[in-house]
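I have placed the structure first, in the form of structure tokens, so that the comments after it can refer back to it.
In the working numbering, the protein residues as written are 106 to 285.
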């Protein structure tokens, strides 16, 4: 099973495409302040073990109050979330991600990569393309990224990873301080 270095290679490839798009399209909608995709997830995110390990590091580094709020949201997702799912890491007030540097591949690719068959693309960008404002858009191939991630196992829902890491939250329903 590939490790963190393989995941970081995927991150670097994604970052290169994102950088190229932003360099040529400074008006690209996916930027700081846009949290549309975070507020409209189709389902609870699924992460590989290696992605979870990285995300867990980011969660463990959060202040206790912020961690507790995220833990409450994840527990609510585990109990059955309404659709669309709002990312439990999203700070609703600021629209920011407190674990941005530790975010999963799906978060890194959204808005820059597309898999139309699975509905994995930003509808806001699609509307701009249809309106002629971004007609020269060259999307990244999300399927190629997914193929690379398939080497990482296992894949589980964010809620499952989290509750296995913080089992007291599943049993008691009370937030606890981050631990490894």
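By construction, the Cβ of each residue, glycine as well, lies at the ideal position given by its N, Cα and C atoms.
Limits of the beta strand (DSSP E) - the one that residue 239 falls within: Boundaries for residue 239: no beta strand (DSSP E) harbours it, and the DSSP string shows neither H nor E there.
Span separating the alpha-carbon of residue 121 from that of residue 137: 17 Å
Residue 245 - DSSP class collapsed to helix/strand/coil: strand
For residue 211 and residue 271, the rounded distance between their alpha carbons: So the two alpha carbons sit approximately 23 Å from each other.
Cβ contact (3+ pairs, closer than 8 Å) linking the segment 224-235 and the segment 178-196: no
Extent of the continuous beta strand (DSSP E) to which residue 260 belongs: For residue 260, the uninterrupted beta strand (DSSP E) run begins and ends at 260-262, by DSSP.
Uninterrupted beta strand (DSSP E) stretches inside the segment 130-170 (no shorter than 3 residues): Taking only runs of at least 3 residues, the beta strand (DSSP E) segments lying wholly in the segment 130-170 are 151-153.
For residue 226, three-class secondary structure by DSSP: coil
At least three beta-carbon pairs within less than 8 Å, the segment 253-267 to the segment 152-169: The segment 253-267, when compared against the segment 152-169, does touch it at the 8 Å Cβ threshold.
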